[in-house]
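Worksheet: the structure to be examined is printed underneath.
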Amino acid sequence: MSARVHSFLRQLLAALPLAVAALPSHADCSRDIVVPVSTTGVSVIVGNGTFSGIYPEIFRSLGPRAGCHFTFTSVPRARQELLFESGKADLLVPATRTAARDVNGIFVPMVGHRAVLISLQSPRPQIANAQDLLDRRDLRVAIVRGYDYGDAYQAIVRELARQGRLFTEVEPSAIARLLYVGAVDITIMGPTILAGSINRDTRVNGMLDRLRMEAIPELPWQQTGVYVSRSSLNPDDRAVLLELLERAAKSNIVMEGFQRYHRPEILAESVRPR
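Throughout, the working numbering is defined as the position within the sequence shown, counted from one, plus 214.
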């Protein structure tokens, strides 16, 4: 883990006692809470069997006060989604709110968030909208399998796949490397996710200064946060987790975590208070 990430985590941990103090003290979770995760910017960092980042640190700090213990496992993002859909995971984190996910979980928003088109700086004309992207058939687009930013995003992905221009990877760090070597031209995701991967990978040194971010109207601002399972938890455990997460959201600790780690220009394009 880089010195920058270590420093960020120390600052985050220093801020957590304020959020902890707002929680009532009781022991209500009847069992360990199952949380499969994959590396997602600084929201979740998985490495060498350890789990860190904004959300794991929040859960570890707030959980004991609420009488809850969280068990993390490392899985690819697509597997993470499947486990939640099938009722084998108690939380889906982090996640953008979508109608499909609402079927399986209760959403607690933490911050505003949006996906944008990300590429390396070039004289290429600006991409104005989704149709413009689809019409430029020379541009190769990479996405992370399992990411979902809503119906418009899914429609773009389907058409890119039909055109034979879509590349899928299991994690954002792989996409960062593809962009770096010129194997793909564009990715679609939240800038904080890609920036977090770049900052932890020496193989793409200097890439952060070369990023070009283009927002399109089909991918508007949305909410991102945590889904609590409708099917895997009993009503009492679900209520405890929802209360814990709502208090964390009101404390603004997630937004503060992003502000401590990311450059203002990265945040301006992708994250804002809920």
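Yeah, the Cβ is synthetic: ideal placement off N, Cα and C, and Gly gets one too.
So who's on the other strand from residue i, going by DSSP bridges?
i	result
V490	Examination of residue 490 is not possible in this model, given that the chain is present from 215 through 488 alone.
A309	G439
E428	L331
T285	V248
I320	V442
E383	V358
I259	S266
M469	Bridge partners of M469: none, in fact.
R486	G326
I400	V355
T416	Paired residues: none, contrary to the question.
T254	V258
Can you grab the Cα-Cα spacing for the pair residue i / residue j, in whole Å?
i	j	result
F381	A356	4 Å
G410	V258	10 Å
C243	P308	21 Å
Q294	V384	11 Å
I480	P405	6 Å
Y363	A369	10 Å
N318	A366	20 Å
I272	D349	43 Å
N466	E483	19 Å
Y475	R245	33 Å
Y361	R444	21 Å
R338	G420	21 Å
N179	R379	The structure shown does not extend to residue 179, since the chain is modelled only from 215 through 488, so no value can be given for it.
Q428	D450	It is worth fixing the name first, because residue 428 is Glu in this sequence and not Gln. Distance between the alpha carbons of E428 and D450: 44 Å.
A314	G301	14 Å
L297	G267	21 Å
K464	R354	40 Å
N343	P386	23 Å
Q473	E373	35 Å
F286	F265	7 Å
I247	A292	20 Å
A375	R274	40 Å
I412	A462	27 Å
Find the nearest neighbour of residue i within the set the options, judged by alpha-carbon distance.
i	options	result
P290	P270, A280, T310 and T253	T253
R279	L455, V395, E470 and P434	L455
R417	D423, G439 and R391	R391
P323	L306, S387, R350 and D352	L306
S446	V260, D352 and E299	E299
R488	V260, G439 and Q473	G439
L347	V371, W435 and A313	V371
V395	Y441, P270, R424 and Y269	R424
Q437	P449, T287, M469 and G420	M469
Q377	D352, Y361 and G360	D352
R414	R245, V260 and I247	V260
W435	K464, A375, Y269 and T312	T312
G263	P270, I247, S288 and R274	S288
P270	G471, A314 and R354	G471
D316	V442, A462 and L297	V442
P478	L422, R274 and A375	L422
R452	G281, A375 and A292	G281
List the whole-angstrom C-beta distance separating residue i from residue j, where the pair is believed to meet the contact cut-off of C-beta under 8 Å.
i	j	result
T310	H327	6 Å
I320	V358	Actually they do not touch by this definition, with Cβ atoms about 24 Å apart.
D304	V249	7 Å
I341	I430	7 Å
L433	L276	Actually they are not in contact, since the Cβ atoms of L433 and L276 sit about 31 Å apart, beyond 8 Å.
V256	V485	Wrong, their Cβ atoms sit about 11 Å apart, outside the cutoff.
Q345	R426	Not a contact, Cβ separation roughly 20 Å.
Comparing the CB of residue i with every heavy atom of the ligand GDP, is any distance shorter than 7 Å?
i	result
V248	This structure simply doesn't include the ligand GDP, nor any ligand for that matter.
Taking one C-beta from the stretch 394-408 and one from the stretch 320-339 each time, how about it: are there three or more such pairs within less than 8 Å? yes
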